[in-house]
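Q:
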Amino acid sequence: MRFKAHFAPLAATLAFEPREIERGRALTPVTAPAGWTDVRVEAWLDWAESQAPSPPHALDDAIHGWAARLASEGSESGALATTAEAERFAAELAASVLLGLAAPALPTMNGFLPLIDLSEPDATQALSAQAAAWRGRRLSSRATEALAKALGEVADAVSRCEGPREACADPAANPALARAAVAARRCGAADADILRAIQGEPADLTIEAAEHPAALPVLAARDTTASGDPRTAAVAEAVQEGPVVVVFSPSDAEAMAAAQTGARAILNLPALAALAGADFDASLDALVALWTTALDIELDQTSQAEAQAARPIALGLGGLADWAVGQDGTDPAAQTAALGRRVAEMASQTSCDLAARLAPCPEWATAKDDVIAALHAQGRDAAPLEQNGRRNAVISLFVDEAELGLRLGLSPFSATDVFQTADDEIARRLRPALAAAIVAAGGDVEAAERHLFGRRTLAEAPGVSHGRLRELGFTDLELEAIERALALVEDFGPAFAPPVLDAGFIGDVLGLTPDEGALLPRLGFTAEEIEAATAYVFGRPDLSDWDQAPPSLTALLATSGADLEAALRQTIEPFSDAPDARPRLLDWRADAMQIGRAIADGARDDRRAVALRRAEAPLSFRLTLPEVEAPRRAEAPPQAAPQTVERVVEKVVERDRTRRRLPDRRKGYIQKASVGGHKVYIHTGEYEDGELGEIFIDMHKEGAAFRSMMNNFAIAISIGLQYGVPLDEFVDAFVFTRFEPSGRVTGNDSIRSATSILDYVFRELGVSYLDRRELAQVTPEAANLDGMDGAPADAPQPVPAARFISKGFARGAAPDNLIVAPFGRKEPSPRTTPPVQAGPCPECGDLMLTDRNGTPVCGACGAAPQVQG
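Below, the structure is given as C-alpha cells:
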C-alpha cells in the first residue's frame with residue numbers, strides 16, 4: 001500500500017507553544033499546538049502516559065514516537081512493504097493527529113457484559129440479577145458516602161469539643177458526639193466503627209464509581225418484541241438501572257461485541273472539512289486508508305484471542321452533526337448516508353488490500369457470507385472481497401468514548417457552543433456550524449444570537465419593561481443597578497434583590513420585604529409576562545422558535561441536537577458491520593411500561609439495535625416530606641436515690657444547633673423613629689408564642705454601604721436568634737455602643753435618646769420583648785398611647801384591640817368590639833417622690849442625668865459620673 005504526503009506538509013506549518021497544565025496538585029510543563037485548549041492538552045497527556053511511563057515534555061515528540069512504533073511493527077508484520085513506505089506512513093499518521101483530524105482510543109475500555117439470549121429459560125432471572133447488581137452498586141455507593149460522612153462527623157464532634165479528653169469522648173457528656181453517633185448508627189455503622197472514629201482512626205473510604213457501568217447486550221426476536229413480548233418487562237427493569245442494548249440478530253450481537261474489543265479511533269469530520277476544503281473527498285479517502293492500516297497494525301499488540309481471530313476495528317465519525325449542518329443543501333441525512341457509504345467502502349478496500357498482502361483474518365470464513373450479502377443489498381461491489389477476503393471481519397463506524405471527543409475538541413451538538421478564549425476564559429457563542437448554515441441560507445446571525453443569548457437589557461422588553469417598573473416607583477438609580485446586574489446573572493431573581501436593590505427601597509417604596517421569594521410576582525407581574533421578559537433578556541435554550549429563521553433551516557433548527565445526531569447515525573448504520581450501540585437517554589422518571597414501549601417501537605422500526613439508558617435524577621430534585629416529630633424517650637421507672645458522692649468535674653455543654661424556622665405568616669410590628677435626625681425603621685417577626693425570631697433595620701436616605709451593612713447585620717442577628725442565641729445576649733452586647741448618628745430619639749414612646757443606632761435598636765427590643773424597663777427613658781405609665789408626648793389622662797379609657805392586633809394578620813378574625821382594659825395599670829402612690837429634673841450629663845452631654853437613690857445616672861449613656869455638689 002502506497003501512502004502519499006497528504007497531511008505531513010500541512011502539519012509542518014503548525015505553531016507550538018509552551019504550556020503549563022494543572023494535573024492533580026502539580027503543574028506539568030508541556031509543548032503543544034497553539035490552538036489546543038488546556039482540556040484538550042490534558043486529555044492528550046493522559047493518552048501519552050499510557051504509551052510511556054512518564055509524561056512527555058512535548059506532545060509532538062510523544063505522537064511522533066507512537067507513530068514510529070506502529071510503522072516499525074507494520075514493517076515487521078509485512079503490512080508496510082518498504083522502509084520508505086513505513087517512513088511516509090509514520091509521518092502521515094503523526095501529522096493527522098497533530099492537525100486534530102483523528103485520535104486513537106486508549107487500550108482499555110468498559111466493553112459489554114456477557115450476552116443474554118431472551119429465548120433462554122433463565123433469561124429473565126439473569127436480567128433481574130443484573131438489575132439487582134446495578135441497583136446494589138448504585139445504592140451501596142451512596143450509602144458508603146453517607147456512612148463516611150457520618151463517621152467523619154463523629155470524629156469532628158470530639159475534636160471540636162473543649163474540655164478534658166475523657167469527657168469529650170464520652171457521648172453522655174458530649175451531646176454533639178451523642179447525636180453524631182446515633183446518626184452514624186442509623187447509616188449502618190457498627191458500634192465498634194463508631195468507637196474507632198471517637199478514638200481518632202480515619203474514616204476515609206474508597207468508593208467505587210458506578211456512574212458508567214458496562215452495557216448489557218440482550219438478543220431478542222424482532223417479531224415477538226414488536227408485538228409486546230412479556231419477557232420485555234425484565235429488559236425494561238434492567239434499563240431502569242443501567243444501559244441495555246437489545247439486538248435482533250446473532251450476527252449483529254457478535255459484531256457489536258467484537259467491535260468493543262478491537263482497535264478504535266475517531267475521525268474529526270469538521271476539522272477535515274475546514275482543512276481540505278474542496279478536496280474533502282480525496283482527503284477523507286486518504287485519512288480512512290491511513291487509519292484503517294494503523295488500527296490493523298495496532299491489533300497485533302493485543303493478546304485477546306477474539307480480537308486476533310476477528311481483528312475488529314472501529315472508525316468513529318466524530319462531529320457528524322456539525323459536518324452535516326455545514327454542508328450545502330437542505331438534506332443532511334442524504335449527505336450523511338453518502339459519507340457513511342464512502343468511509344465504509346474505503347475502509348473495506350484497505351482491509352481487502354491488507355488481506356491480499358497478509359491473508360484474511362481467521363474469522364473471515366465465518367463472517368464472509370453476511371458481509372457480502374450486506375454489500376449486495378446496498379448495491380456495492382463485492383468482487384474484491386470474494387477474491388481476497390478482508391483482513392478485518394468487523395469494521396464498525398461507531399465509537400463512543402468521551403475521552404476521544406476531548407482530545408479532538410468535539411462536543412455534543414447544540415445551538416450553544418462553549419469554548420475557551422485566548423485569555424483562558426470560558427465563553428458562549430452560536431455554534432460555528434449553525435452560524436455558517438444561517439449565513440449560507442441568507443439569515444441574520446446576530447439576530448440568531450440575540451434570540452439564543454438574549455439582549456441583557458429590559459429596554460423595550462415585553463412584560464417587564466422600564467416603563468412598567470417606573471410606574472411601580474423604580475427610579476433611574478434602581479434601573480441602572482438592575483441593568484448592570486443583568487449582564488452577570490442568568491435569571492431575574494438576583495437582579496431584583498439586595499444588594500442590587502436596596503432593602504430600604506423594597507420596604508419603603510415597594511412596601512415589600514426582601515426575603516419573601518421572587519419580587520416580580522409580588523409586584524403584580526404574571527407568569528406569562530415574566531416568561532416573555534426572561535426569554536427577551538436571557539435568551540432561549542435553542543433556535544426552534546426563532547421567528548426569523550430561513551425557511552430552508554426551519555426543520556433543522558426545530559430538531560434538538562441529540563435527536564439530530566441520533567437520526568444521522570441511523571443513516572450510516574446500514575454501512576457499518578456493527579449496529580449503533582450508543583444508548584438513548586430516557587427520562588429519569590420513565591417506568592417499565594414506557595421503556596417496554598420504546599423497545600417495541602424500535603423493533604417495529606426495523607432498528608438493528610435498540611440501546612436505552614434511563615437518565616440520572618437531577619441533583620436539585622427533592623421530595624416534599626412532612627416533618628416527623630422525633631419520638632420521645634420513654635421515661636425511666638423511678639429508682640431509689642443513690643448515695644451522693646461529691647466530686648469536682650467539668651461538664652461539657654453544647655447548645656442545640658438546630659435552626660428554628662419562622663412560620664410563613666408571622667406576627668410582629670414596625671417601629672418608626674428618628675435617631676439624631678436619621679430615620680430608622682425596625683421590623684420584627686415573631687414565632688407563634690410571641691418570641692422574637694427576626695429583625696430588619698431599614699434606614700432612609702443613607703449611603704448604600706451603610707444601609708447594606710445595617711441590613712446584613714440584621715440578617716446575622718436574625719440567624720442567631722433562630723439558632724437559639726438569647727435576645728438578652730444581643731441586648732447586653734450592643735446597648736450603649738457609641739457611634740454616629742446618635743442623640744435625640746423622636747417617634748418612640750419609651751426611648752428619648754441613644755448613643756448610636758444599635759443602642760436605640762436593642763433598647764427598643766429589650767423594652768418590648770424582655771421587659772427591660774431599665775433601658776427605657778420613659779416608663780409606660782408616663783407614655784400616652786395616642787402617640788403624643790405627655791402624661792396619661794386622669795381617667796384611663798379602654799383602648800381598642802385593633803391598636804395592637806394586625807387586622808391583616810388576623811384576617812378579620814378579631815371581633816370589632818374587643819378592647820384592652822386599663823385595669824392592669826398601677827396608679828401612682830400619693831407618697832411617690834416628685835420626679836427629679838434631668839440635668840446635662842458630663843460624659844455625653846445629653847439632658848438625661850437623673851438621681852437614682854442618691855447617685856446621678858445618665859439615662860442615655862448609662863454613666864454614673866461624680867457630680868460636684
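FYI, in the UniProt record's numbering the residues of the sequence shown are 1 to 869.
Built from N, CA and C at the ideal position, the CB exists for glycine as well.
Predicted model only: the values in this text are computed from it and were never measured.
Should F413 and E573 be called a contact, given that it needs their Cβ atoms to be closer than 7 Å?
A: Not a contact, by the Cβ cut-off of 7 Å.
Q: Opposite T624 in the DSSP bridges: which residues?
A: DSSP, once it has assigned bridges, lists no residue as partnering T624.
Q: Check each candidate in I194, A102 and A334 and name the one with the smallest Cα separation from L287.
A: Nearest of I194, A102 and A334 to L287, Cα basis: A102.
Q: Closest by CA to D749, which one among P741, R773 and D587?
A: The residue with the shortest Cα to Cα distance from D749 is R773.
Q: For L479, I'd like the list of residues in its chain whose CB is within less than 7 Å of its CB, leaving aside the five on either flank, ordered along the chain.
A: H466 and L469.
Q: Would you check if the distance between the CB atom of R666 and the CB atom of Q722 is smaller than 7 Å?
A: Contact flag unset, no.
Q: Can you look up Q199 in the DSSP assignment and give me helix, strand or coil?
A: Coil at Q199, not helix or strand.
Q: What are the boundary residues of the beta strand (DSSP E) that G693 is part of?
A: That run of the beta strand (DSSP E) goes L692 to M699.
Q: Once DSSP output is grouped into helix, strand and coil, what is the label at E650?
A: Because the pLDDT at E650 is just 48, under 50, the model does not fix this residue reliably, and the value given afterwards should be weighed accordingly. In this structure, E650 counts as coil in the three-state DSSP scheme.
Q: Which whole-angstrom value is the C-beta distance of A143 and L406, which I expect to be below 8 Å?
A: Contact doesn't hold; Cβ gap of about 32 Å is too wide.
Q: At which residues does the beta strand (DSSP E) containing Y681 begin and terminate?
A: H678 to E686 is the extent of the beta strand (DSSP E) around Y681.
Q: For G747, which residues from the same chain have a beta carbon less than 7 Å from its beta carbon, with the 5 sequence-adjacent residues on both sides left out?
A: Here the set comprises K672, A673 and S674.
Q: Within 8 Å, do at least three Cβ pairs link the segment 150-162 to the segment 193-202?
A: Touching, yes.
Q: In the DSSP assignment, what residue or residues form a beta bridge with F496?
A: Paired residue(s): none; F496 is not in a bridge.
Q: Using a 10 Å radius around the Cβ and a threshold of 16 neighbouring Cβ atoms, would you call M593 buried or exposed?
A: M593 should be labelled exposed.
Q: With distances taken Cα to Cα, identify the nearest neighbour of I313 among Q335, A255 and L339.
A: The residue with the shortest Cα to Cα distance from I313 is A255.
Q: Assign Q387 to one of two classes, buried (16 or more other C-beta atoms within 10 Å of its C-beta) or exposed (fewer than that).
A: Exposed, since its Cβ has fewer than 16 Cβ neighbours within 10 Å.
Q: Could you tell me whether the Cβ atoms of N268 and G316 are closer together than 7 Å?
A: For N268 and G316, no; Cβs fall outside 7 Å.
Q: Which residues does DSSP list as the beta-bridge partners of P360?
A: P360 pairs with nothing; no bridge assigned.
Q: Could you give the DSSP three-state label for D515: helix, strand or coil?
A: Reduced to three states, the DSSP call for D515 is coil.
Q: From this set, R160, T737 and C187, which residue's C-alpha is nearest P175's C-alpha?
A: Closest by alpha carbon: R160.
Q: With a cut-off of 8 Å on the beta carbons, I'd call L354 and D296 a contact; round off their distance for me.
A: With 8 Å as the limit, L354 and D296 qualify as a contact, their Cβ atoms being about 6 Å apart.
Q: Measuring only from the beta carbon, is G561 closer than 6 Å to any heavy atom that is part of the ligand MG?
A: The ligand MG is not among the ligands present in this structure, which contains no ligands whatsoever.
Q: With DSSP as the reference, label T658 as helix, strand or coil.
A: In the structure shown, T658 sits in coil (DSSP, three-state: anything other than H, G, I, E or B).
Q: Please report how far the alpha carbon of V767 lies from the alpha carbon of E528, in whole angstroms.
A: Approximately 48 Å between the Cα atoms of the pair.
Q: Can you list, in chain order, the residues of its chain with a C-beta nearer than 8 Å to that of P830? Leave out the 5 residues immediately preceding and following it.
A: Here the model assigns P830 a pLDDT of 46, short of 50, so the residue's position is not dependable, and the following value carries that caveat. Here the set comprises nothing.
Q: For A169, I'd like the list of residues in its chain whose CB is within less than 6 Å of its CB, leaving aside the five on either flank, ordered along the chain.
A: So the qualifying residues of the chain are V158 and I198.
Q: At what residue ranges does the segment 428-497 contain a whole run of the alpha helix (DSSP H), taking only runs of 4 or more?
A: Fully enclosed alpha helix (DSSP H) runs of 4 or longer: 432-440, 445-453, 466-471, 476-486 and 492-495.
Q: Roughly how many angstroms lie between the CA atoms of L216 and I116, to the nearest whole one?
A: Using only the alpha carbons, I get a separation of about 8 Å.
Q: Roughly how many whole angstroms lie between the Cα atoms of A210 and A321?
A: Confidence in A210 is poor, its pLDDT being 48 and thus under 50, which makes the residue's placement too unreliable to answer from.
Q: Does the beta-carbon distance from E298 to A131 come in below 7 Å?
A: For E298 and A131, no; Cβs fall outside 7 Å.
Q: Do S544 and L397 have their C-beta atoms closer together than 7 Å?
A: Result no, Cβ atoms of S544 and L397 do not sit closer than 7 Å.
Q: Does the beta-carbon of G524 have 16 or more other beta-carbons within 10 angstroms, so that it is buried, or is it exposed?
A: Exposed: under 16 other Cβ atoms inside 10 Å.
Q: Can you look up N268 in the DSSP assignment and give me helix, strand or coil?
A: Residue state, collapsed to three classes: strand.
Q: To the nearest angstrom, how far is it from the Cα of residue 897 to the Cα of A440?
A: With the chain running from 1 to 869 in the structure shown, residue 897 is simply not present.
Q: Could you check if R622 is buried or exposed, using at least 16 other CB atoms within 10 Å of its CB as the buried criterion?
A: Per the 10 Å Cβ criterion, exposed.
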